[in-house]
Amino acid sequence: MCLLLSRIIQANGGSPPLTYKKFLHVLSVLGEPEKPCRDVSAEDFLRCPTPADPELAYGVPSLADLGLEVQSETPWPGGETHALQRLHTHFQSQGWVSSFSKPRTVPNSLLPSTTALSPYLSLGCLSVRTFYHRLSSVYAQSKNHSLPPVSLQGQVLWREFFYTVASATPNFTKMEGNPICLQIHWYHEPESLEKWRTARTGFPWIDAIMTQLRQEGWIHHLARHAVACFLTRGDLWISWEEGMKVFEEFLLDADYSLNAGNWMWLSASAFFHKYTRIFCPVRFGRRTDPQGQYLRKYLPVLKNFPSQYIYEPWKAPKDVQLSAGCIIGKDYPCPMVCHTEASQRNLGLMRQVRTEQQKTAELTRDVTDDPMEAGLKRELQEEEELLEGAEPRSRSKRLSGSADHKSRPSSWTLETVRLSEDVT
Ligand SMILES: Cc1cc2nc3c(=O)[nH]c(=O)nc-3n(C[C@H](O)[C@H](O)[C@H](O)COP(=O)(O)OP(=O)(O)OC[C@H]3O[C@@H](n4cnc5c(N)ncnc54)[C@H](O)[C@@H]3O)c2cc1C
Numbered sequence: 004m005c006l007l008l009s010r011i012i013q014a015n016g017g018s019p020p021l022t023y024k025k026f027l028h029v030l031s032v033l034g035e036p037e038k039p040c041r042d043v044s045a046e047d048f049l050r051c052p053t054p055a056d057p058e059l060a061y062g063v064p065s066l067a068d069l070g071l072e073v074q075s076e077t078p079w080p081g082g083e084t085h086a087l088q089r090l091h092t093h094f095q096s097q098g099w100v101s102s103f104s105k106p107r108t109v110p111n112s113l114l115p116s117t118t119a120l121s122p123y124l125s126l127g128c129l130s131v132r133t134f135y136h137r138l139s140s141v142y143a144q145s146k147n148h149s150l151p152p153v154s155l156q157g158q159v160l161w162r163e164f165f166y167t168v169a170s171a172t173p174n175f176t177k178m179e180g181n182p183i184c185l186q187i188h189w190y191h192e193p194e195s196l197e198k199w200r201t202a203r204t205g206f207p208w209i210d211a212i213m214t215q216l217r218q219e220g221w222i223h224h225l226a227r228h229a230v231a232c233f234l235t236r237g238d239l240w241i242s243w244e245e246g247m248k249v250f251e252e253f254l255l256d257a258d259y260s261l262n263a264g265n266w267m268w269l270s271a272s273a274f275f276h277k278y279t280r281i282f283c284p285v286r287f288g289r290r291t292d293p294q295g296q297y298l299r300k301y302l303p304v305l306k307n308f309p310s311q312y313i314y315e316p317w318k319a320p321k322d323v324q325l326s327a328g329c330i331i332g333k334d335y336p337c338p339m340v341c342h343t344e345a346s347q348r349n350l351g352l353m354r355q356v357r358t359e360q361q362k363t364a365e366l367t368r369d370v371t372d373d374p375m376e377a378g379l380k381r382e383l384q385e386e387e388e389l390l391e392g393a394e395p396r397s398r399s400k401r402l403s404g405s406a407d408h409k410s411r412p413s414s415w416t417l418e419t420v421r422l423s424e425d426v427t
């Protein structure tokens with residue numbers, strides 16, 4: 004761990020700083036984290052003899068020895084050597100490092116647009132102190148560089164922030180008994196959860212991300228935003244704990260404090276307060292990849308759709324579906340919800356929860372925007388306006404009562420999806 008958590012907590016008066024801004028303030032008082040320990044060399048090992056034959060006693064069996072299929076190509080070969088190579092390659096590019104701004108990185112590029120070092124950091128192949136201090140030396144050579152929260156240094160500080168809060172918050176990975184988390188009556192809908200988990204929501208942008216997650220074990224931060232928002236406050240109103248468990252199952256970088264902290268953030272259960280910003284599962288991905296190359300890669304069943312329809316193939320006329328070789332509802336699912344209706348309803352529910360539990364919401368409230376969301380703010384304005392403009396409707400009787408939110412109030416047909424998408 005980069006900084007001693009106990010020192011941070013002590014410097015903050017005995018409790019963890021619950022906002023990133025406050026966290027940065029405490030760090031500015033404490034100063035720089037310690038340098039990493041020196042690297043272990045071959046000579047060190049010469050001083051560690053063992054009576055047993057190390058290969059026989061401690062040799063790591065290969066995948067083939069274990070009877071597992073050997074995959075020659077993986078984007079994340081394990082070990083410190085690969086981690087250091089990746090770090091070195093990125094940090095060689097001084098301009099890229101100095102101007103790094105997380106919201107400007109692309110969630111659907113075919114190769115990672117961020118460092119993709121998270122699996123190495125979370126599995127202990129790369130020391131976060133090494134990352135931090137090498138980054139500082141790149142900064143030292145630059146005339147100017149971006150700053151937290153959006154800079155590269157800002158990213159590892161998010162990591163330390165969530166570690167710090169998690170270390171001193173009871174039940175950090177749960178809603179119940181977690182003092183900083185809003186208590187929400189999420190729907191219990193195993194079938195819907197399973198559709199999301201197995202990439203069968205009918206929204207290509209969401210399904211492509213879930214496919215990449217399942218196949219490769221890593222997805223971009225904003226892609227995580229998209230699927231997490233969809234599962235929770237955006238569309239399905241299913242608990243962030245369920246999403247966190249699925250991420251834990253598939254992510255190579257799964258890390259309990261970062262995973263839980265970010266899930267609470269995305270579901271607006273803690274840390275994040277601009278809950279009126281809801282990602283559209285059609286427009287979000289289309290902004291940075293209008294041709295849908297990412298969708299074609301991860302959802303080959305849709306690869307012959309014209310770009311015009313690839314994000315919403317259910318809108319394609321029958322003859323287009325036929326010539327693409329994919330009939331919606333047969334070869335690829337219809338959308339499982341009407342995004343416009345679901346997001347408006349959920350917005351009303353969230354508004355009600357936050358009014359009732361204002362004290363809890365205030366605990367982790369910062370005056371600054373979520374940096375990732377701030378970068379998308381301009382593009383999302385239209386969407387926000389739609390949702391805010393729709394507020395009187397979303398406050399309809401169905402939303403304002405102290406409803407038992409255990410089951411979805413209505414189901415949607417392809418026809419209602421078409422109708423409401425048209426007015427978006
Ligand atoms: C719902 C959700 C769940 C997540 N679960 C995890 C998880 O289990 N493990 C995990 O490592 N990250 C998690 N993240 C945070 C973030 O998405 C990844 O750390 C990041 O995308 C990894 O890619 P990278 O190494 O290229 O990041 P870069 O942008 O290159 O950042 C460098 C490092 O900073 C740290 N970092 C970056 N963003 C964050 C962040 N938002 N919070 C905390 N640390 C951050 C990571 O260690 C990362 O490797 C989650 C984000 C969301 C929205």
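Take 4 as the starting number for the sequence shown in this note's numbering and just add one per residue. Each residue gets a CB set at the ideal place from its N, CA and C atoms; glycine is no exception.
From this set, the options, which residue's C-alpha is nearest residue i's C-alpha?
i	options	result
residue 202	77, 26, 298 and 22	298
residue 140	171, 8, 227 and 91	91
residue 183	190, 171, 189 and 191	171
residue 290	125, 108, 41 and 32	108
residue 213	111, 137 and 318	111
residue 3	313, 77 and 61	Within the shown structure, residues of the chain are numbered from 4 to 427, placing residue 3 beyond reach of any answer.
residue 135	302, 37, 190 and 356	37
residue 239	65, 329, 190 and 351	190
residue 353	120, 43, 127 and 241	241
residue 293	208, 56 and 324	208
residue 158	58, 104 and 42	104
residue 192	186, 185 and 200	200
residue 42	328, 129 and 304	129
residue 77	16, 114, 156 and 356	114
residue 356	278, 138 and 318	278
residue 487	260, 227 and 251	The requested residue 487 is not part of the displayed model; the chain covers only 4 to 427.
Report all residues from its chain with a CB closer than 7 Å to the CB of residue i; omit the five preceding and five following residues, and keep chain order.
i	result
residue 266	231, 243, 246 and 247
residue 369	22, 23 and 24
residue 102	149
residue 330	324
residue 304	329, 334 and 335
residue 86	120, 123, 128 and 129
residue 18	12 and 171
What is the DSSP secondary structure of residue i, reduced to helix, strand or coil?
i	result
residue 331	strand
residue 278	coil
residue 314	coil
residue 187	coil
residue 222	coil
Spatial neighbours of residue i within its chain, please: C-beta separation below 6 Å, excluding the five flanking residues on both sides.
i	result
residue 206	284 and 338
residue 204	198, 210 and 339
residue 174	180 and 181
residue 125	256 and 258
residue 396	In this prediction, residue 396 scores a pLDDT of 34, lower than 50, which makes its location untrustworthy; the coordinate-derived value is nonetheless stated afterwards. Closer than 6 Å at Cβ, skipping near neighbours: no residue.
residue 319	312
Cα separation between residue i and residue j?
i	j	result
residue 326	residue 307	8 Å
residue 133	residue 310	43 Å
residue 146	residue 100	12 Å
residue 403	residue 348	Its pLDDT being 26, under 50, residue 403 is placed unreliably by the model, and nothing is read from it.
residue 345	residue 97	44 Å
residue 237	residue 282	7 Å
residue 143	residue 177	41 Å
residue 93	residue 118	7 Å
residue 123	residue 51	26 Å
residue 131	residue 89	14 Å
residue 268	residue 28	21 Å
residue 165	residue 83	24 Å
residue 169	residue 264	8 Å
residue 116	residue 224	10 Å
residue 234	residue 60	47 Å
residue 332	residue 321	11 Å
residue 317	residue 106	30 Å
residue 185	residue 70	46 Å
residue 262	residue 195	21 Å
residue 155	residue 54	46 Å
residue 73	residue 66	6 Å
residue 250	residue 215	12 Å
Using beta carbons (cut-off 8 Å, strictly below), is residue i in contact with chain D?
i	result
residue 11	Checking the listed chains, one finds no chain D in this structure; it contains a single protein chain.
Less than 8 Å between C-beta atoms, sequence neighbours within five positions excluded: which residues of the same chain meet that for residue i?
i	result
residue 33	6, 10, 11 and 14
residue 229	110, 208, 209, 212, 282, 284, 287 and 288
Per the contact definition of three or more C-beta pairs closer than 8 Å, is the region 254 to 265 in contact with the region 215 to 228?
-> Verdict: yes, contact present.
Any contact of the region 263 to 280 with the region 353 to 370, i.e. 3+ C-beta pairs under 8 Å?
-> Flag = yes, the region 263 to 280 and the region 353 to 370 touch.
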